[in-house]
Every structure is written in C-alpha cells, then in structure tokens.
Amino acid sequence: MDAIPLISILVLIFVVVLVSEVIKLKKETRKLSKLVGHLKKDVNILKSESDE
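The opening position of the sequence shown corresponds to residue 51 in the working numbering, with each subsequent residue numbered one higher.
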C-alpha cells in the first residue's frame, strides 16, 4: 500500500510537466503564426510593388 501515494505523486508531477509543455507549445505556435502573418503581408506588398 506504500506504492499508491508514490504513484499518485509521480502522476501529478507528470501531469504538471505535460500541461506546462502544452502551454509552451501553444505560446510558440501563436508567436510563429504572428510571424507568418507579417511575412505574408510583406510578400504581398512586394508582389504589388513589382506588378506596378
């Protein structure tokens, strides 16, 4: 019966690490999405300038 508290603590630590990694990935995804948006905007501006 001594294993149950140990397993509970390890599962809790695993869940905390897992949630923190998911949050980091979401933050990185938002950052990259904004960057891609800016790059698309710049490319469209350059395309419109070259068409003129």
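Backbone N, C-alpha and C define an ideal beta-carbon position, used for all residues, glycine too.
In three-state terms, what does DSSP make of residue i?
i: residue 102; result: coil
i: residue 52; result: coil
At the level of alpha carbons, what is the spacing between residue i and residue j?
i: residue 74; j: residue 102; result: 43 Å
Any beta carbon of chain D sitting closer than 7 Å to that of residue i?
i: residue 101; result: The structure shown contains no chain D; it holds only a single protein chain.
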